[in-house]
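Protein chains in written order, with our numbering: chain A, 295 to 699; chain B, 295 to 699. Glycine included, every Cβ here is placed at the ideal spot set by N, Cα and C. Some notes on the structure that comes next.
There are 2 protein chains.
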Amino acid sequence: MMNIAVAQSGGPTCVINASLVGVFKESLKHPEIDAIFGSVNGIEGIIENHLVDLKSIILTNYDMELLRQTPSTVLGSCRYKLPDWREDEEVYKKIAATLKQRNIGAFLYIGGNDSMDTVNKLSEYFSQIGLDIKVIGIPKTIDNDLCITDHTPGFGSAAKYVATTMHEITRDSIVYSIPSVTIVEIMGRHAGWLTASSAVLHSMGETAPHLVYVPEAEFSIERFLTDVRQEMSKHKAVIIAVSEGIEVPEGVQSGVVDNFGHKYLSGIGKHLESTVRTEIGCKVRSIELNVMQRCSSHLGSKTDIDEAEEIGAAGIRCALSGETGKVLVFRRIEDVPYTVVIETADAGDVANQEKFLPKNYINSAGNNIRRFALNYFLPLIQGELDLIMDNGVPKHFAIHESVLK
Amino acid sequence: MMNIAVAQSGGPTCVINASLVGVFKESLKHPEIDAIFGSVNGIEGIIENHLVDLKSIILTNYDMELLRQTPSTVLGSCRYKLPDWREDEEVYKKIAATLKQRNIGAFLYIGGNDSMDTVNKLSEYFSQIGLDIKVIGIPKTIDNDLCITDHTPGFGSAAKYVATTMHEITRDSIVYSIPSVTIVEIMGRHAGWLTASSAVLHSMGETAPHLVYVPEAEFSIERFLTDVRQEMSKHKAVIIAVSEGIEVPEGVQSGVVDNFGHKYLSGIGKHLESTVRTEIGCKVRSIELNVMQRCSSHLGSKTDIDEAEEIGAAGIRCALSGETGKVLVFRRIEDVPYTVVIETADAGDVANQEKFLPKNYINSAGNNIRRFALNYFLPLIQGELDLIMDNGVPKHFAIHESVLK
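This is the structure we're talking about:
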């Protein structure tokens, strides 16, 4: 008989709670698992012994369904980077102490590649000190930039939001008789997956987005202006998708960095808007999709949400089978009919690396996505949930602030 | 036997096309109406005799349902202000010529208060020259600032989007352990209706938005900072709704004006963000909901969409009854059960005026919305459509660019 602990980390997505539901529901099926602890604010909750008993919080099937529809991390999150345990063991001792005190046999960490670094380091440390606690990573990130896995939970819902919103912005942009340019800035530090996903509109017969700029292609302002002028000769309203992470002149980025040293990017949309206004002089606007990309669960992809739950459940089975230091990943068998299997990879191979958009997804001009590449994106955005509504607004599952304090 | 013409004008909303469907469907029921012409780009299409035959474009019930779910104006839009016909009759002669040539007996104009000015001027002019063409206005605006009517089509869907997104942003904001402030900038030049609608979350037990600033209340940076500090003492993550139109120091507004001389506002969110960063020094971000507020038909309010269709249909009946220079309006009988009736008002009484949030909706501190006022907003955001999907993305009805050229 053992207990398990689960935590959520990194930037929110629409489906991290679905993975939590997967972990929770699968745990209930195994009589060898007793208490299911949730760690408040990611690994910070383990360090500070701040755990909550999930069985006293998630009570019914209705609670689980509501949690599946709730964006962001119900247990809170963190951006905490573990030091190398060979240099600084202090925090590792605290983690081990909490897990031993709570009789934890397996710790599941739902997060991005920084969290997979934590999974890797913790499992190494535990094996070094001979502590038999399994550490398993469940991937998530809207950026879709984790290695080895075909795609990451959270990406499909973000892509569905981006495509839908791009479609609606297209309708909004073409109403006036004068020529115009609309620039939509989409998340993605170094990888253009989410920006590229907006091109699924081409499969519906839309010509928009007419231009798609991703960080994986070389970018120059001169080429950009030529592209815009060319598209303006063909379309009254030109719609442009641009990744926040494309390489731009000095001074555009805000320069703020997060705890991991990632640059906090902003402003490329505004920058290109003012460039078009100055150089072309037409009506132009820029729109930042902002955090709505990662939290619009009212438009979650059912495929994504179901997969997030399944990969969470697979994490429990993986731990029970005796594995540790592993990350659950998807391997795609076929696009049509869409078929994936869940496998495991070493956390060390997933951590601290990024997966970029394949070069052959990008057209030769470096300003749009090739048609065949849409087969990658389309299965991930299929299906919708029956939303639970309250007073006309989608309802969320929330743990009272006082419990999380 | 006569033909009718219909046009759409002003800023897009989610339901202007539903009003077009109402006009179209009702016209089909009356044997005295023959062709139904759509004017391309609002009144500009009448001036330039650029009309399309809607019966050759909207063919089936499926087309009508799809059009009901399509945001923005399928016929294009304009921001065209008619001169006083006593000073400049030229354009009026062109309008009369088109309508006579096409044998139009009634012209229905779907738009905001500037469009109602057009309805008023045209009906006056036609009666002056003895031309028997009825001119009827169908209201729309996400701003909800039209006089006489209880509310305007388009507002309910925008309010549902704002409330839902504010709810999701709330989930996104509370995940980290450090204190933070999130500022959400919402549309509304002079009227705070849409910003105030975010407070419906209070009816679901949410404390967010913790502060709500509307143009109808006095605003000062000093009071704002005091408010924020006070809320930070109570909540880890403070969520603020702020109208784009609140009065701010010089230099924040971009100074660009549209054809009607309206100031094009932007930047209050960014301005307050940098004020909080400088003066309080905590984690802070601002989010502009931008055009998504007016075009997110994937989250349209069924109540709003159905009402928009009904008021369009009522416009046809009004014209057939022999009225002209009228605007269709809603009068609310009861909040619960929600009951409205459709009546008419003189276009001259609706045009060129704005309806503001009642002072008693705003709390005495001028920084939130009173609980009783939610009864006004709640009925307007109820219900959802069964969306027609295509490849995982809501499908839209569109007229081919070449037809609109």
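Coil, strand or helix - S409 of chain A by DSSP: helix
CB-CB length for S580 of chain A against G606 of chain A, believed under 8 Å: Contact doesn't hold; Cβ gap of about 37 Å is too wide.
Residue burial classification, D378 of chain A (beta-carbon count within 10 angstroms, cutoff 16): exposed
DSSP three-state assignment for D640 of chain B, whether helix, strand or coil: strand
Nearest to G677 of chain A (by Cα), restricted to the options A:I663, A:E582, A:G609, A:A453: A:A453
Candidates A:Q647, A:S492, A:V475, of which the one nearest T572 of chain A by Cα: A:V475
Limits of the unbroken beta strand (DSSP E) element including M460 of chain B: Run containing M460 of chain B: none in the beta strand (DSSP E); it sits in the alpha helix (DSSP H), 449 to 467.
Segment contact, 8 Å Cβ cut-off, at least three pairs: the region 407 to 427 of chain B with the region 463 to 471 of chain B: no
Contact under 9 Å by Cβ, H529 of chain B with E338 of chain A: no
Whole beta strand (DSSP E) elements within the region 621 to 695 of chain B, 3-residue minimum: 633 to 640
Residue interval of the beta strand (DSSP E) (run including S568 of chain B): No beta strand (DSSP E) contains S568 of chain B, which is instead part of the alpha helix (DSSP H) from 562 to 573.
Y356 of chain A versus V522 of chain A - alpha carbon distance: 50 Å
Interface residues of chain A facing C372 of chain B [CB-CB closer than 8 Å]: Y470, S471
Own chain partners of G431 of chain A with C-beta closer than 6 Å, once the 5 adjacent residues on each side are dropped: Y403, M410, V413, V621, A641
Contact set between the region 657 to 687 of chain B and chain A, restricted to residues whose Cβ is under 7 Å from the partner: L672, I675, Q676, D684, N685, G686, V687
Contacting positions in the region 486 to 501 of chain A - beta carbon closer than 8 Å to chain B: V494, L495, S497, M498
Short CB-CB distance (under 9 Å) between K689 of chain B and chain A: yes
Proximal chain A residues relative to E459 of chain B, where beta-carbon distance stays under 9 Å: The sequence as given places Thr at residue 459 of chain B; Glu does not occur at that position. Residues of chain A passing the Cβ test: M586, C589, S590, H592.
Option nearest M526 of chain B by Cα separation, candidates B:A485, B:G539, B:L488, B:V570: B:V570
Which listed residue (A:E510, A:I480, A:T489, A:L566) has its alpha carbon closest to that of K519 of chain A: According to the sequence displayed, residue 519 of chain A carries Leu and not Lys. Looking at the Cα atoms, A:L566 is the closest of the given residues.
8 Å CB neighbourhood of I477 of chain B in its chain, flanking five on each side removed: I534, V536, G563, L566, E567, V570, V578, R579, S580, I581
Below-9 Å beta-carbon distance, S474 of chain A vs any chain B residue: no
R579 of chain B (DSSP reduced to helix, strand or coil): strand
Outcome for A659 of chain A when other beta-carbon atoms lying within 10 angstroms are tallied against a minimum of 16: exposed
Simplified DSSP state of S491 of chain B, which is helix, strand or coil: helix
For V508 of chain B, the nearest candidate out of B:P473, B:E541, B:S497 (CA to CA): B:E541
Min CB distance E538 of chain B to chain A below 9 Å: no
Sequence-distant residues of the same chain with beta carbon closer than 8 Å to M460 of chain A, five excluded per side: V478, S492, L495, A502, P503, I533, A535
Cβ contact (3+ pairs, closer than 8 Å) linking the region 646 to 656 of chain B and the region 309 to 324 of chain B: no
Whether T367 of chain A touches N311 of chain A by CB criterion (9 Å): yes
Nearest to Y670 of chain B (by Cα), restricted to the options B:V429, B:S514, B:V630, B:R362: B:V630
is_contact[K349 of chain A, chain B] using C-beta, thresh 9 Å: no
Reduced DSSP category for K319 of chain B - H, G, I as helix; E, B as strand; rest coil: helix
Q302 of chain A - containing beta strand (DSSP E), residue span: 296 to 302
Contact set between K454 of chain A and chain B, taken where Cβ atoms lie within less than 8 Å: G686, V687
Where S595 of chain A meets chain B, residues with beta-carbon distance less than 9 Å: G686
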